[in-house]
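Residue numbers (this note's numbering), protein chains in the order written: chain A, 23 to 235; chain B, 23 to 235.
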DNA sequence: CCACTACTGCAACAACTGTTGCTTTAAGAT
DNA sequence: ATCTTAAAGCAACAGTTGTTGCAGTAGTGG
C-alpha cells in the first residue's frame, strides 16, 4: 500500500492533468491578448480551453491564480539584454524592446500589469519576474564600466537601469501618452548623461558587502 | 408654460440631487480608502451613502463613472508645486510629495491608478488630471531657467519632469518595491544632472513655434 | 490486465449584479 | 400655496459567478 503521508503526495503530473494545464494556460494567454485583462473571466477561460468551469476553479481558484501561473511560465523563457557595444546603444535597444512590448495591441505586458492590481499573488509573481529581468540587465552596466564608459565601480546598476527605463512605463502605461518614437533613445541618453555626471554613485544601501562593519 | 427645448434643460442641480451626489462621492472615497479599489462596488457605495442601488446605477452607470466623478473632483482642488529656491530642491520636494501619496496605506493615488485600468472613462479622466499636474509643474523648470540653473530655453520642461518623477512611480507602483527614503532626492538629482549635461534639450516636436518652417 | 484513486465532468444550488416598470418624494416655477 | 416633473425609492426579475456533492474517466502502480 502507498503511505498517504509519504513524501510523494500521490500527485499525477502526467497525461490529462498536464494537458489540461497547457490548454488552460494557452486559453488565458489567448483571452488576455484578445480581450485585454478586462475580458479575462474564469468562465471564458474554461470555455475556450474546452474544460469545465469547476476544474478551473478548483485548480487555480481565481483569476489571480491563473495569472500567477502564466507569469511564472513567462519567466521561464530565457531572455538576454541587447549587446550593441555601447551603453547608450544597449539602453536604447532595451527601451525600444520595452516600448514595443507596451505599444502592440493588445499588449500582453500591459494586461499583466493591470491584472496584477487584482490579486496579491499575481502582483508578487510579477514583482519577482521584474526583479529577475532587471538583474539580468545589470550586465549591460557592467560591460559599460569594463569599457571605461562609466566611473569605475561607483555606479549603482539598478538605479541607472530604473532611470533609463522608467520614463517609458510612466508615459505609456500610467500617463497613457501616445508612443513617441524618439523617447527610447532620449530616455537612454538622459540616463547615460546623468550616470556620466556621477548620479547613481555610492548608493549607501543595506546590501553593501564591501564595507567592513 | 416652460419651453422644454429652452436652453435650461430643466435640470435640478440643487437640494436633494446635490446632497445625494456628495453623499455618494464621499462614500466612494471612503470605500476606496478602506477597501482599496478592489472593494469598490456599486452596492457598497450605495449602502454607505444611504442611497438606493438604482440611484447610483442610473446616475453613474458603473464603477468607472463613479471614479470619473471623483477624479474630476480631485482636479478641482488647487495645488501648487513646491518653491524652495533651487531646481534640485523643488524636484526633491515634489518627489517627496509623490512618494508620500503613494506610500500611505491605503493610497488613494494607487487606487485611482489601479482603477483606471478598469474603465476607459476613468483612464481618460486620470490622464487629463495628470496632464494638468505636469503642466502646473513646468513653472519649476521655468524658474530654474530664469535663475540660470539650466541652459537657457534649451530644456524641455515636460521631459525633465517626467525623468525626475518617473522612477518613483515605477518603483512604488509597478515594481512594488519597498519605499526608499533617499529615492526622491536621488531621482531629482539625477534629472538635474542630466538636464545640466544637456539632455532634454532641443526636443524636435510638433509644437515648436519658434522654428521658421 | 486489473485495481486504485486523482482528477475531471455534471447538475443543482445560493449569492451577487445589474435592469426595468412603477410609485413616491421633493425641487423649482407660477 | 399649489402644480409640475426630475430624480429617488421600491420590488420583482434575469443573468452571472462561484460552490458543493456525486458520478464518470483515465493515469499509475501492481
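Even for Gly, the Cβ is constructed at its ideal location relative to N, Cα and C.
Worksheet entry | residue 200 of chain B classed as buried or exposed, judged by whether at least 16 other C-beta atoms fall within 10 angstroms | Stepping through the second chain from its first residue, residue 200 of chain B is reached at position 178. Label assigned to residue 200 of chain B: exposed.
Worksheet entry | Status (buried if at least 16 other CB within 10 Å, exposed otherwise) for residue 230 of chain B | Position 208 of the second chain, counted from the start, is the residue given in the question as residue 230 of chain B. Because the pLDDT at residue 230 of chain B is just 42, under 50, the model does not fix this residue reliably, and the point stays unresolved.
Fill in: 8 Å Cβ cut-off: residues of chain A touching residue 128 of chain B
Here the question's residue 128 of chain B lines up with position 106 in the second chain. Those do not exist, as residue 128 of chain B stays about 13 Å from chain A at its closest Cβ, beyond 8 Å.
Worksheet item: Can you find a CB in chain A that lies within less than 8 Å of the CB of residue 196 of chain B?
Response: Locating residue 196 of chain B in the second chain gives position 174, counting from the first residue. Closer than 8 Å: yes.
Discussion item. If you measure between the beta carbons of residue 65 of chain B and residue 80 of chain B, is that distance less than 8 Å?
Written reply: Residue mapping note: residue 65 of chain B aligns to position 43 of the second chain, counting from 1. Residue mapping note: residue 80 of chain B aligns to position 58 of the second chain, counting from 1. Against a cut-off of 8 Å, the Cβ pair of residue 80 of chain B and residue 65 of chain B comes out as no contact.
Worksheet item: From which residue to which residue does the alpha helix (DSSP H) around residue 48 of chain A run?
Response: Translated into positions along the first chain, residue 48 of chain A becomes position 26. Residues 38-57.
Fill in: Proximity test, residue 101 of chain A beta-carbon vs the ligand SAH heavy atom, cut-off 7 Å
Of ligands this structure carries none, so the ligand SAH is not represented either.
Worksheet item: Which residues in the same chain have their Cβ closer than 6 Å to the Cβ of residue 112 of chain B, if we skip the five residues on either side of it in sequence?
Response: Taking the second chain and counting its residues from 1, one reaches residue 112 of chain B at position 90. So the list reads 104, 106 and 162, once near-sequence residues are dropped.
Worksheet entry | Boundaries (first-last residue) of the alpha helix (DSSP H) holding residue 130 of chain A | Within the first chain, numbered from 1, the residue matching residue 130 of chain A stands at position 108. That run of the alpha helix (DSSP H) goes 130-137.
Item to complete: Determine the chain A residues that contact residue 152 of chain B at a beta-carbon separation under 8 Å, and present them in chain order.
Response: If you number the second chain from 1, residue 152 of chain B lands on position 130. Within 8 Å Cβ-Cβ: 196 and 197.
Worksheet item: Just to confirm, are residue 6 of chain A and residue 67 of chain A a CB contact at a threshold of 8 Å?
Response: Lying before the first or after the last residue shown, residue 6 of chain A is absent from chain A, which here runs from 23 to 235.
Worksheet item: Can you find a CB in chain A that lies within less than 8 Å of the CB of residue 229 of chain B?
Response: Within the second chain, numbered from 1, the residue matching residue 229 of chain B stands at position 207. Unreliable placement is indicated for residue 229 of chain B, whose pLDDT of 43 sits below 50; no coordinate value is reported for it.
Worksheet item: If you measure from the beta carbon of residue 215 of chain B to each beta carbon in chain A, is any gap under 8 Å?
Response: On the second chain, residue 215 of chain B is found 193 positions in, with the first residue counted as 1. Judged by the 8 Å Cβ criterion, residue 215 of chain B is in contact with chain A.
Discussion item. Within 10 Å of its beta-carbon, does residue 100 of chain A have 16 or more other beta-carbons around it, so buried, or fewer, so exposed?
Written reply: The count along the first chain starts at 1 and reaches residue 100 of chain A at position 78. Flag for residue 100 of chain A reads exposed.
Worksheet item: So, is residue 180 of chain B buried or exposed, given that buried needs 16 or more other C-beta atoms within 10 angstroms?
Response: Taking the first residue of the second chain as position 1, residue 180 of chain B is located at position 158. Residue 180 of chain B is buried by the Cβ-count criterion.
Worksheet item: Using Cβ-Cβ distances below 8 Å, what residues of the region 166-195 of chain B are close to chain A?
Response: 181, 184, 185, 187, 188, 189, 191, 192, 193 and 195
Fill in: Start-end ranges of the alpha helix (DSSP H) lying completely within the region 130-195 of chain B, minimum 4 residues
130-138, 142-168 and 179-191
Discussion item. For residue 38 of chain A, tell me which candidate among A:184, A:73 and A:158 has the shortest Cα-Cα distance.
Written reply: Indexing the first chain from 1 puts residue 38 of chain A at position 16. Checked all of A:184, A:73 and A:158; the closest Cα to residue 38 of chain A is A:73.
Practice prompt. Find the nearest neighbour of residue 172 of chain A within the set A:126, A:59 and A:219, judged by alpha-carbon distance.
Written response: The count along the first chain starts at 1 and reaches residue 172 of chain A at position 150. If we check each option's Cα against that of residue 172 of chain A, A:219 comes out closest.
Item to complete: Just the C-alpha distance for residue 159 of chain A and residue 116 of chain A, rounded to the nearest angstrom, thanks.
Response: In the first chain, residue 159 of chain A corresponds to position 137, counting from 1. In the first chain, residue 116 of chain A corresponds to position 94, counting from 1. Distance between the alpha carbons of residue 159 of chain A and residue 116 of chain A is about 9 Å.
Worksheet item: Any contact of the region 205-222 of chain A with the region 200-218 of chain B, i.e. 3+ C-beta pairs under 8 Å?
Response: yes
Discussion item. Run through chain A and tell me which residues come within less than 7 Å of residue 211 of chain B, C-beta to C-beta.
Written reply: Translated into positions along the second chain, residue 211 of chain B becomes position 189. Here the neighbours are 221.
Worksheet entry | Backbone secondary structure at residue 122 of chain A - three-state DSSP | Position 100 of the first chain, counting from 1, holds the residue named residue 122 of chain A. DSSP places residue 122 of chain A in helix when its eight states are reduced to three.
Discussion item. Please report the straight-line C-alpha distance between residue 118 of chain B and residue 184 of chain A, rounded to a whole angstrom.
Written reply: As a working mapping, residue 118 of chain B is identified with position 96 in the second chain. As a working mapping, residue 184 of chain A is identified with position 162 in the first chain. Taking the straight line from one Cα to the other gives about 18 Å.
Worksheet item: For chain A, is any of its Cβ atoms less than 8 Å away from the one on residue 149 of chain B?
Response: Translated into positions along the second chain, residue 149 of chain B becomes position 127. By this cut-off, residue 149 of chain B is an interface position.
Item to complete: Please report how far the alpha carbon of residue 170 of chain B lies from the alpha carbon of residue 150 of chain B, in whole angstroms.
Response: Your numbering for residue 170 of chain B matches position 148 in the second chain. Your numbering for residue 150 of chain B matches position 128 in the second chain. Straight-line Cα distance between these residues: approximately 31 Å.
Item to complete: Return the CA-CA distance between residue 95 of chain B and residue 88 of chain B, expressed in angstroms with no decimal places.
Response: Numbered from its first residue, the second chain carries residue 95 of chain B at position 73. Numbered from its first residue, the second chain carries residue 88 of chain B at position 66. Distance between the alpha carbons of residue 95 of chain B and residue 88 of chain B: 11 Å.
Practice prompt. Could you tell me the distance, in whole angstroms, from the CA atom of residue 57 of chain B to the CA atom of residue 195 of chain B?
Written response: The sequence position of residue 57 of chain B within the second chain is 35, counting from 1. The sequence position of residue 195 of chain B within the second chain is 173, counting from 1. Residue 57 of chain B and residue 195 of chain B: Cα-Cα distance of roughly 17 Å.
Worksheet entry | Within chain A, the residues that residue 136 of chain B reaches when beta carbons sit closer than 7 Å | To locate residue 136 of chain B, count along the second chain from 1; it is residue 114. In chain order: 139.
Worksheet item: Where do the N-terminal and C-terminal ends of the alpha helix (DSSP H) with residue 97 of chain A fall, by residue?
Response: Against the first chain, residue 97 of chain A aligns to sequence position 75. Looking at the DSSP string, the run of the alpha helix (DSSP H) that includes residue 97 of chain A is 85-98.
Worksheet entry | Per-residue contacts from residue 68 of chain B into chain A (C-beta, under 8 Å) | Here residue 68 of chain B is taken as the residue at index 46 of the second chain, counted from 1. In chain order: nothing, as chain A lies at least about 23 Å away.
Worksheet entry | Pick from B:145, B:60 and B:82 that is closest to residue 47 of chain B, judged by C-alpha positions | Counting from 1 along the second chain, the entry for residue 47 of chain B is found at position 25. Residue 47 of chain B has its Cα closest to that of B:82, out of B:145, B:60 and B:82.
Worksheet item: Should residue 190 of chain B go down as buried or exposed, given a rule of 16 or more other Cβ atoms within 10 Å for buried?
Response: As a position in the second chain, residue 190 of chain B is number 168, starting the count at 1. With 16 or more Cβ atoms within 10 Å of its Cβ, residue 190 of chain B is classed as buried.
Worksheet item: Of all the options A:54, A:187 and A:152, which has the alpha carbon lying nearest to the alpha carbon of residue 98 of chain A?
Response: Numbered from its first residue, the first chain carries residue 98 of chain A at position 76. Measuring from the Cα of residue 98 of chain A, the nearest candidate turns out to be A:152.
Fill in: Assigned exposure category for residue 132 of chain B - 16 Cβ within 10 Å defines buried
Residue mapping note: residue 132 of chain B aligns to position 110 of the second chain, counting from 1. Residue 132 of chain B should be labelled buried.
Practice prompt. For residue 178 of chain A, count neighbouring Cβ atoms within 10 angstroms of its own Cβ and tell me buried if that reaches 16, exposed if not.
Written response: The residue you call residue 178 of chain A lines up with position 156 of the first chain. Per the 10 Å Cβ criterion, buried.
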